[in-house]
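Just below is one structure, and these are the notes that go with it.
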Amino acid sequence: MSAVRETLVIEAGRTERHYWRDLWRYRELLYFLSWRDILVRYKDTTMGIAWALLRPLSTMTVFTVVFSVLARVPSEGDVPYSLLVLVGLLPWQFFASAVGVAGASLVDSERMITKIYFPRMIIPMSAMLVAMVDFTFAGVLLGAFFAWYGIVPGWRVLFLPLFFLLAVLAALGPGLLFSALNVKYRDFRHVVPFIVQIGLYVSPVAYSSTLVPERWRLLYAVNPMVGVIEGFRWTLFGGQSALHVPNVLMSVAITALLLLLGIAYFRKTERSFADVI
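Residue 247 in my numbering is what sits at position 247 of the sequence shown, and the numbering runs on without skipping anything.
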């Protein structure tokens, strides 16, 4: 019986032509890296997943005291101010965490990048999945607050996954961009947290976007998280929170622009990662 011979064909430019197909083929690596990062994140921690709950809870408490009690910032309708903050805080913290871990992911995976081939885009994407896990745990806290205040979301809650998808895409674009920039310019490791910190105060987390003057709202929505946070509140609070459609459309447009920019720059510089890193 003759042995079966396998032929290895080296095809010029194959990686470029089949990149997105390879990205799907290596999906198991995406799951493996995500699971590894989740284990590293929670292994040997005393409180485990409680950290994912303490972060939004502590921030909500500080914002409630500073902005509601001291500064007298109003809520929306009859919605308790602490709940208004928490609903805005969860998508924002997901965005901030996803951009932060994605931005540092390539440098943290230096050994993998220099030794084996796989679509490098898997690394920042897997890092973002860890932020989704934190968001899921924090969602349990949000559900407990809704039960405490006796608020039941209406039919608009069916649109919540769409706004979460918008938050994921809004984080993916900058995450890819910053991860690629961080390989060549290591200062971006310090720049990203600074940008994210500023973004917290220019996003409607501690206040309603209705406080922004009408003539500035469209410009304000250049921040893609404005439409996301407005969408979260609209789906969960129903008639208590208005949805400014131009804001959402602007957020969608900016998200698409940043996503295309992030993918384009990542793909342009990806070939040199192993040499530069």
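All C-beta atoms, glycine included, are put in the ideal place defined by N, C-alpha and C. In this text, all values refer to a predicted model and were calculated from it rather than measured experimentally.
Counting along the chain, no alpha helix (DSSP H) covers D187, and no H or E run does either. L30 is positioned such that its CB atom lies no closer than 8 Å to that of P56. For L54, the closest C-alpha among the options K43, L89, D22, G77 is that of L89. Counting the other Cβ atoms within 10 Å of the Cβ of L162 gives fewer than 16, which makes it exposed. Between the C-alpha atoms of Y42 and I49 there is a straight-line separation of about 7 Å. In this structure, L23 sits near M121, with a CB-CB distance shorter than 8 Å. If only uninterrupted alpha helix (DSSP H) runs of at least 4 residues are considered, those enclosed by the segment 215–240 are 217–220, 224–237. Around the beta carbon of T64, 16 or more other beta carbons lie within 10 angstroms, which makes this residue buried. Under the criterion of beta carbons closer than 8 Å, S203 and V168 do not qualify as touching, at roughly 16 Å.
Ranked by Cα distance from M125, the first of Y26, F145, I229, H190 is Y26.
The Cβ neighbour count for W216, taken over all protein chains shown within 10 Å, is under 16; the residue is labelled exposed. Of all alpha-carbon atoms in Y201, R156, V191, L142, the one lying nearest the alpha-carbon of G103 is that of V191. Taking all protein chains shown into account, F32 has fewer than 16 neighbouring C-beta atoms within 10 Å of its C-beta and is therefore exposed.
With contacts defined by Cβ atoms closer than 8 Å, V183 and V107 form a contacting pair.
Rounded to the nearest angstrom, the Cβ distance from V140 to T235 is 18 Å, too far for a contact under 8 Å.
By the C-beta density criterion, W92 is buried, having at least 16 other C-beta atoms within 10 angstroms.
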